[in-house]
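Let me begin by presenting the structure, written as structure tokens, before commenting on it.
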Amino acid sequence: MSRPWAEGTTGAFKRQVSSFREVVSPTHPIYKPAKNRYWLYVSLACPWAHRTMITRALKGLSSVIGLTVVHWHLDDKGWRMLPAPAEITDDDKKNFHTFHGGIKPTEEDVSHPVGDVKNDSARLWIDSTFDPNNGFERLSELYHKSQPDYSARYTVPVLWDTETKTIVNNESADIIRILNSGVFDEVAGDEATHLDLVPKELEAQIDEFNSWVYDNINNGVYKAGFSESAAVYEKEVTNIFNHLDKVEKILEEKYDVLAGKHGKDNKDKILKEYFTIGHQLTEADVRLYTTIVRFDPVYLQHFKCNFTSIRGGYPFIHLWLQNLYWNYKEFRFTTNFDHCKLHYTRSHTRINPLGITPFGPKPAIIPL
Ligand SMILES: N[C@@H](CCC(=O)N[C@@H](CS)C(=O)NCC(=O)O)C(=O)O
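The opening position of the sequence shown corresponds to residue 0 in numbering that gives the first Met the number 0, with each subsequent residue numbered one higher.
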């Protein structure tokens, strides 16, 4: 496939700026909150799209905003989806509102012993769902329907308005703020959790944390992995691990405070408050998680981020990751290691020309 980054002369990766930046709000002239009006198009492999899936689940919006999962393979024409069936069944409709949008639960995927797969083409995973709104088979069609002369990359996530048939927003940082804002709570009724991932009193801290985590960790792994010279790679990979050290220190200090508060043997109570900012789950955890959960299975080898692994070198980050994955179904059920591993290792043909997907690590995530 073509290079998924803006080309420069320095061999450095530059992420494209998102083009659609509207919001959903009762005061917006067009995009007002409603049930079943908006739709998310995501990739289970993509850390940016993953944020939106977790937030949607945490807010209790699975019955309000539908979900289409694109195929894990990204080719020259971008993301694709399965052909839509001529008739949409009730089962299909129910599936749209699962965390996975119809993809079989990830627990089954990750629990199959990878070594038992007889050959590489044995399909123990499901690859994609379809677009019930338009029957499109390419994500690019959503972009061109919204803006016929669109000429940038066709990225996930996409928040789509089924009424006006336009993209509302394609920037995950915005989309998770829209979902968190509470605009859908009324139409979600009893399913709304009213969880606030960006409480006012923590907002400044969350923003500050997000900004360096974005540049140095979330996007840092791409900058290392897509670098086109050893010098750029070495600088970027060193930078990532310096910032993982910083996160490790924050979490170690947090753990010590909580051990002091609850007693060091009271792990259950400690874990209930063991988050990056404050003593509650926030957007900062959601945004960091989608990179950390991919770290050992993907970035460590595929993007050459290999000073050490999370499980081997960062005990406090590892515990934080295990806590989110194993104790919160919104994190676990939206994490699909097969899609993650297959996407990166078979789409980035410049990095991995033979498309061989490494079997390990086993397990993809260690039980708590
Ligand atoms: N700023 C965007 C970035 C999204 C993004 O880069 N998505 C990648 C997948 S990880 C994508 O869809 N790439 C498709 C392509 O480059 O063709 C966001 O956070 O929403």
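Backbone N, C-alpha and C define an ideal beta-carbon position, used for all residues, glycine too.
Quiz item: Taking C-beta to C-beta, are Val-63 and Ser-127 nearer than 8 angstroms?
Solution: Result no, Cβ atoms of Val-63 and Ser-127 do not sit closer than 8 angstroms.
Quiz prompt | Phe-302 - DSSP class collapsed to helix/strand/coil | solution = Residue state, collapsed to three classes: coil.
Practice problem: Could you tell me whether the segment 309-320 touches the segment 249-264, where touching means 3 or more Cβ pairs closer than 8 angstroms? | Solution: Cβ pair count under 8 angstroms is three or more, so yes.
Practice problem: Specify whether the segment 36-49 and the segment 150-160 touch according to this definition: at least 3 beta carbon pairs, one from each stretch, less than 8 angstroms apart. | Solution: Yes, since at least three Cβ pairs between the segment 36-49 and the segment 150-160 fall closer than 8 angstroms, the two stretches touch.
Quiz item: Along the chain, where does the alpha helix (DSSP H) that runs through Val-41 open and close?
Solution: Unbroken run through Val-41 is the beta strand (DSSP E), 37-41; no alpha helix (DSSP H).
Quiz prompt | Between the CA atoms of Thr-9 and Leu-194 - distance to the nearest angstrom | solution = Distance between Leu-194 and Thr-9, taken at the CA atoms: about 44 angstroms.
Quiz item: Quick one: what does DSSP say Thr-290 is sitting in, helix, strand or coil?
Solution: If DSSP states are grouped into helix, strand and coil, Thr-290 belongs with the helices.
Self-check item: C-beta atoms of Lys-303 and Gly-224 nearer than 8 angstroms
Solution: Contact: yes.
Exercise. Leaving out five residues on either side along the sequence, give the residues of the same chain with a beta carbon under 7 angstroms from the beta carbon of Ile-291.
Key: When the five nearest sequence neighbours on each side are left out, the beta carbons in the same chain lying within less than 7 angstroms of the beta carbon of Ile-291 are those of Ile-309, Ile-316, Leu-320, in order along the chain.
Quiz item: Cβ of Val-23 versus every heavy atom of ligand 1: is any distance shorter than 7 angstroms?
Solution: No, Cβ of Val-23 sits at least 7 angstroms from all heavy atoms of ligand 1.
Exercise. Can you have a look at Thr-281 and say buried or exposed, based on whether 16 or more other CB atoms are within 10 angstroms of its CB?
Key: That one is buried.
Exercise. Identify the continuous alpha helix (DSSP H) that holds Val-246 and give its terminal residues.
Key: Note, Val-246: alpha helix (DSSP H), 229-261.
Exercise. Let me know the secondary structure DSSP gives Thr-67 once reduced to three states.
Key: Of the three classes helix, strand and coil, the one that applies to Thr-67 here is strand, per DSSP.
Practice problem: Would you identify the three-state DSSP class for Arg-50, choosing helix, strand or coil? | Solution: Arg-50 carries a helical assignment under DSSP once its states are collapsed to helix, strand and coil.
Quiz item: In chain order, what residues of the same chain have a beta carbon less than 7 angstroms from the beta carbon of Gly-59, not counting five sequence neighbours either side?
Solution: Cβ neighbours of Gly-59 beyond the five flanking positions: Ala-187, Glu-190, Ala-191, Thr-192.
Quiz item: For Gly-77, which residues does DSSP report across the bridge?
Solution: Answer is Asp-74.
Practice problem: May I ask whether a heavy atom of ligand 1 can be found less than 7 angstroms away from the beta carbon of Trp-159? | Solution: No, the Cβ of Trp-159 stays beyond 7 angstroms of every heavy atom of ligand 1.
Exercise. Confirm, please, whether the CB-CB distance from Trp-78 to Leu-138 is below 8 angstroms.
Key: A contact, by the Cβ cut-off of 8 angstroms.
Exercise. Could you pull the start and end residues of the alpha helix (DSSP H) that Ile-316 belongs to?
Key: 314-326 is the extent of the alpha helix (DSSP H) around Ile-316.
Quiz item: With Pro-357 and Gln-300 assumed to form a contact (beta carbons below 8 angstroms), what rounded beta-carbon distance in angstroms separates them?
Solution: The pair is a contact, with the Cβ atoms about 6 angstroms apart (cut-off 8 angstroms).
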